[in-house]
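Student: Quick note on numbering: the sequence shown equals residues 11 to 342 in this note's numbering.
Note that CB positions come from ideal geometry on N, CA and C, so glycine has one too.
Okay, here's the structure, questions in a sec.
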Amino acid sequence: MTNEHAGSVAAVTSRELGSGQKVFGRYTLVKVLGRGGMGIVWLARDEELGRDVALKFLPDLMIQDRAAFDQLKHETKRCLELTHPHIVRIHDFIHDERSGGISMEYIDGETLSNLRSEKERKVFEPDEIAAWISQLCDALDYAHNHAKIIHCDLKPANLMVNQRGDLKISDFGIARSLGDSVSRLTLDQGRSGTLVYMSPQQLNGERCTHLDDIYSLGASIYELLTIKPPFYSGNIDRQICERVAPSMTERRKELDIEPALVPQPWEDAVAACLAKDPSRRPQSAVEVAQRLQLSSGQARATTTFSKTLKRKPLFIAGIGESERREGKRLFC
Numbered sequence: 011m012t013n014e015h016a017g018s019v020a021a022v023t024s025r026e027l028g029s030g031q032k033v034f035g036r037y038t039l040v041k042v043l044g045r046g047g048m049g050i051v052w053l054a055r056d057e058e059l060g061r062d063v064a065l066k067f068l069p070d071l072m073i074q075d076r077a078a079f080d081q082l083k084h085e086t087k088r089c090l091e092l093t094h095p096h097i098v099r100i101h102d103f104i105h106d107e108r109s110g111g112i113s114m115e116y117i118d119g120e121t122l123s124n125l126r127s128e129k130e131r132k133v134f135e136p137d138e139i140a141a142w143i144s145q146l147c148d149a150l151d152y153a154h155n156h157a158k159i160i161h162c163d164l165k166p167a168n169l170m171v172n173q174r175g176d177l178k179i180s181d182f183g184i185a186r187s188l189g190d191s192v193s194r195l196t197l198d199q200g201r202s203g204t205l206v207y208m209s210p211q212q213l214n215g216e217r218c219t220h221l222d223d224i225y226s227l228g229a230s231i232y233e234l235l236t237i238k239p240p241f242y243s244g245n246i247d248r249q250i251c252e253r254v255a256p257s258m259t260e261r262r263k264e265l266d267i268e269p270a271l272v273p274q275p276w277e278d279a280v281a282a283c284l285a286k287d288p289s290r291r292p293q294s295a296v297e298v299a300q301r302l303q304l305s306s307g308q309a310r311a312t313t314t315f316s317k318t319l320k321r322k323p324l325f326i327a328g329i330g331e332s333e334r335r336e337g338k339r340l341f342c
């Protein structure tokens, strides 16, 4: 395998890898699942525990920088504490003298971003995603208040639905750590996350807090119901300074989406999440769920989506939706 598809931001591992090869003393590689500027992900078999895993190989850039390597190792070890049914599990941080990697739970499913794009009108209705948003809020509350870990790159492409119809958040803690390290090593400072879902504070390079996740939660819901996130023009100054995004009902009318009307509790809750001032946002994911009038432990989403998933390609924890096809030039 060569580096011809590696991103220009950070080279992928130069280690020669191939199907059937055993790495780190216990993992047998099966096939490449995706690749990007922050690593290559393989489907692998953990021979010691007898399970399939998603194995992300870190880019050489990080392996060669001890400070970046140690920081990521520390943050990944912290993420081992995240044991929640709606968060993709991190199994281990592994390395040898040649390379390093992260072993993660393998998810057979789809991202919400892809499920939305497959819908006839390219949008969900609130009742279709209510169960998933309830699960998402429950997982965020656990991560923020019990594990004290922030995602910092929450978006529909990191929200997966498995074959049972349950939502799982991928890349918890990893996206931020990898993004911060690669940004530092490539002198692209300050922004670990995907711009259109980032709060003004993140865009300004401030330290990430749980209220940045709340903003990204609102931006993600907005996109799922209206096709695009609230500020999507690519104008960062506007995203930071513009006071109020169009309501979701207004956006749906602009795009001729019927029915246009979004329930008022959803409008109010999402608008609050998108407040420029963090103190004016809901102060917890539980509060967001309450404002959306979601019940705790809301029933699983309809089986229609579970049946649809079985006909779709697989999506794997630890790689974004757009990374799933081998051979593309991809960037994390």
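Counting pairs of Cβ atoms below 8 Å between the segment 110-129 and the segment 72-87, do you hit three or more?
Tutor: Short answer: they touch.
Student: Assign Ile267 to one of three DSSP states: helix, strand, or coil.
Tutor: Here residue 267 refers to the residue found at position 257 of the sequence shown. Ile267 falls in the coil class under three-state DSSP.
Student: Ignoring anything shorter than 3 residues, give me the beta strand (DSSP E) runs that lie fully in the segment 65-130, in order along the chain.
Tutor: The qualifying runs are 100-105, 110-115 and 119-121.
Student: Using a 10 Å radius around the Cβ and a threshold of 16 neighbouring Cβ atoms, would you call Glu233 buried or exposed?
Tutor: Numbered from its first residue, the sequence shown carries residue 233 at position 223. Classification for Glu233: buried.
Student: What are the boundary residues of the alpha helix (DSSP H) that Val296 is part of?
Tutor: Start at 1 with the first residue of the sequence shown, and residue 296 comes out as number 286. Ala295 to Arg301 is the span of the alpha helix (DSSP H), which, as asked, contains Val296.
Student: In angstroms, rounded to a whole number, what distance separates the CA positions of Leu227 and Asp75?
Tutor: Here the question's residue 227 lines up with position 217 in the sequence shown. Here the question's residue 75 lines up with position 65 in the sequence shown. Distance between Leu227 and Asp75, taken at the CA atoms: about 33 Å.
Student: From Glu14 to Gln31, what distance separates their C-alpha atoms?
Tutor: By 1-based counting over the sequence shown, the position of residue 14 is 4. By 1-based counting over the sequence shown, the position of residue 31 is 21. Note that Glu14 scores 35 on pLDDT, short of 50, meaning its location in the model is unreliable and no value can be drawn from it.
Student: By Cβ distance, which residues of its chain are closer than 7 Å to Tyr207, with the 5 residues on each side in sequence left out?
Tutor: For this step, residue 207 is matched to residue 197 along the sequence shown. Counting only Cβ-Cβ distances below 7 Å, and skipping sequence neighbours, we find Leu164, Lys165, Ser226, Ala229, Ser230 and Pro239.
Student: How long is the line joining the alpha carbons of Leu53 and Ser29, rounded to whole angstroms?
Tutor: As a first step, residue 53 must be located in the sequence shown, where it is residue number 43. As a first step, residue 29 must be located in the sequence shown, where it is residue number 19. Answer to the nearest angstrom: the Cα atoms are 9 Å apart.
Student: Figure out for me which residue from Thr204, Phe103, Ile97 and Phe134 has the closest Cα to the Cα of Ala157.
Tutor: Position 147 of the sequence shown, counting from 1, holds the residue named residue 157. The shortest Cα separation from Ala157 among Thr204, Phe103, Ile97 and Phe134 belongs to Ile97.
Student: What residue does the alpha helix (DSSP H) around Leu221 start on, and which one ends it?
Tutor: Along the sequence shown, one-based indexing puts residue 221 at 211. Looking at the DSSP string, the run of the alpha helix (DSSP H) that includes Leu221 is His220 to Thr236.
Student: Exposed or buried, Ser18, counting other C-beta atoms within 10 Å across all chains shown (16 or more means buried)?
Tutor: On the sequence shown, residue 18 is found 8 positions in, with the first residue counted as 1. Low confidence applies here, because Ser18 scores a pLDDT of 36, under 50, leaving its location unreliable; read the following figure in that light. The residue in question, Ser18, is exposed, as its Cβ has fewer than 16 Cβ neighbours within 10 Å.
Student: If contacts are defined as beta-carbon pairs under 8 Å, then Cys283 and Val298 qualify, I think. What distance do you get, rounded to the angstrom?
Tutor: If you number the sequence shown from 1, residue 283 lands on position 273. If you number the sequence shown from 1, residue 298 lands on position 288. Rounded, the Cβ-Cβ distance is 6 Å, consistent with contact.
Student: Flag this pair as touching only if the segment 257-265 and the segment 214-225 have three or more C-beta atom pairs under 8 Å; answer yes or no.
Tutor: no
Student: Mapping DSSP to helix, strand and coil, what is Tyr152?
Tutor: Position 142 of the sequence shown, counting from 1, holds the residue named residue 152. Tyr152 falls in the helix class under three-state DSSP.
Student: Only counting the same chain, and skipping five residues up and downstream in sequence, which positions put a Cβ closer than 7 Å to that of Gln211?
Tutor: Indexing the sequence shown from 1 puts residue 211 at position 201. For Gln211, where only same-chain residues beyond five positions count, the Cβ hits under 7 Å are Asp222 and Pro288.
Student: Just to confirm the assignment, what range does the beta strand (DSSP E) spanning Ala54 have?
Tutor: Taking the sequence shown and counting its residues from 1, one reaches residue 54 at position 44. Residues Gly49 to Asp56.
Student: For Ala270, would you say it is in contact with chain C, using Cβ-to-Cβ distances shorter than 9 Å as the test?
Tutor: Of the protein chains in the structure, only one exists, and it is not chain C.
Student: Which residues mark the beginning and the end of the alpha helix (DSSP H) in which Leu213 is found?
Tutor: As a working note, residue 213 is residue 203 in the sequence shown. Leu213 -> alpha helix (DSSP H) spans Pro210 to Leu213.
Student: Cα separation between Gln303 and His154?
Tutor: Against the sequence shown, residue 303 aligns to sequence position 293. Against the sequence shown, residue 154 aligns to sequence position 144. Rounded to the nearest angstrom, the two C-alpha atoms are 21 Å apart.
Student: Pick out whichever of Gly183, Leu177, Val171 and Leu39 has its Cα sitting closest to the Cα of His161.
Tutor: Here residue 161 corresponds to residue number 151 of the sequence shown, with the count starting at 1. Cα-wise, what sits closest to His161 is Gly183.
Student: Please report the distance separating the alpha-carbon of Glu26 from that of Phe103.
Tutor: In the sequence shown, counting from the first residue as 1, residue 26 sits at position 16. In the sequence shown, counting from the first residue as 1, residue 103 sits at position 93. Straight-line Cα distance between these residues: approximately 20 Å.
Student: Classify Gln145: buried if its beta carbon has 16 or more other beta carbons within 10 angstroms, exposed otherwise.
Tutor: Locating residue 145 in the sequence shown gives position 135, where the first residue counts as 1. By the neighbour-count rule (16 or more Cβ atoms within 10 Å), Gln145 is buried.
Student: So the beta strand (DSSP E) Val171 belongs to, where does it begin and stop?
Tutor: By 1-based counting over the sequence shown, the position of residue 171 is 161. First-last of the beta strand (DSSP E) with Val171: Leu169 to Asn172.
Student: May I have the straight-line CA-CA distance separating Phe67 from Leu213, to the nearest angstrom?
Tutor: Translated into the one-based positions of the sequence shown, residue 67 becomes position 57. Translated into the one-based positions of the sequence shown, residue 213 becomes position 203. Looking at the two C-alpha atoms, the distance is approximately 28 Å.
Student: Could you name the residues of the same chain whose beta carbon sits closer than 7 Å to that of Arg126, not counting the 5 residues immediately before and after it, in chain order?
Tutor: Within the sequence shown, residue 126 is the residue found at index 116, counting from 1. Excluding sequence neighbours, Arg126 sits near Lys132, Val133, Phe134, Pro166 and Leu234.
Student: Taking all protein chains shown into account, decide if Thr121 is buried (16 or more other Cβ within 10 angstroms of its Cβ) or exposed.
Tutor: Position 111 of the sequence shown, counted from the start, is the residue given in the question as residue 121. So Thr121 counts as buried.
Student: Specify the secondary structure class of Ala281 as computed by DSSP and reduced to three states.
Tutor: Along the sequence shown, one-based indexing puts residue 281 at 271. Ala281 falls in the helix class under three-state DSSP.
Student: Express the C-alpha separation of Leu177 and Ala140 in angstroms, rounding to a whole number.
Tutor: Stepping through the sequence shown from its first residue, residue 140 is reached at position 130. Stepping through the sequence shown from its first residue, residue 177 is reached at position 167. Near 11 Å, if we compare the C-alpha coordinates of Leu177 and Ala140.
Student: Quick check: does the Cβ of Cys147 come within less than 8 Å of any heavy atom belonging to the ligand COA?
Tutor: For the structure depicted, the ligand COA is absent and the ligand set is empty, with no information on it obtainable.
Student: Let me make sure I understand the geometry here. Which of Asp106, His105 and Asp62 has the alpha-carbon closest to that of Lys41?
Tutor: Numbered from 1 along the sequence shown, position 31 holds the residue referred to as residue 41. Checked all of Asp106, His105 and Asp62; the closest Cα to Lys41 is Asp62.
Student: Between Leu90 and the rest of its own chain, which residues show a CB-CB distance below 6 Å, the 5 nearest in sequence each way excluded?
Tutor: Position 80 of the sequence shown, counted from the first residue, corresponds to residue 90. Result list for Leu90: Ile100, in chain order.
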